[in-house]
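Below: the structure, in structure tokens.
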Amino acid sequence: MTDGDAEPTVAELRATLADRTARIDELAATLKDAETRISHQRERVDQLEGDLVNKDRRIEALATSNDQLWNRLSGVEDDTNSNGIQEATTDAECGTVATTQQENNE
1 MTDGDAEPTV AELRATLADR TARIDELAAT LKDAETRISH QRERVDQLEG
51 DLVNKDRRIE ALATSNDQLW NRLSGVEDDT NSNGIQEATT DAECGTVATT
101 QQENNE
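In terms of the numbering used here, the sequence shown has 48 at position 48, counting the first letter as 1, and numbering is strictly consecutive.
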């Protein structure tokens, strides 16, 4: 020993090693817990993404259905004249309507 610096004893080294080993074990347990939580969160994210995809598909289907209904309603509204009588909108329907009106006039 020189200059008052004492070398650690074997017992001190063993105590330091035991403390550090215990700390490493604590950190390993903390890391394992964190990995478990991350794994559960990833599973939850996957589930939520699947739910989101399903809801997005449902929204698209409802939007399509809504558009179809509006188109049908628009056709009904456009087919009604000021007297509340439904008028034909296609040539084929016009022929049928004209024939029906002629038959009614006769």
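Beta carbons are placed, not taken as given, at the ideal position from N, Cα and C, and that holds for glycine.
Which residues in the same chain have their Cβ closer than 8 Å to the Cβ of residue 28, if we skip the five residues on either side of it in sequence? None.
Going by the beta-carbon positions, is the gap between residue 16 and residue 8 smaller than 9 Å? Remark: C-beta atoms of residue 16 and residue 8 approach each other more closely than 9 Å.
Would you mind listing the beta strand (DSSP E) stretches within the stretch 28-80 that are 3+ residues and don't spill past its ends, in chain order? Taken in chain order, the whole beta strand (DSSP E) runs of length 3 or more contained in the stretch 28-80 number zero.
So what does DSSP say about residue 5, is it helix, strand or coil? Residue 5 falls in the coil class under three-state DSSP.
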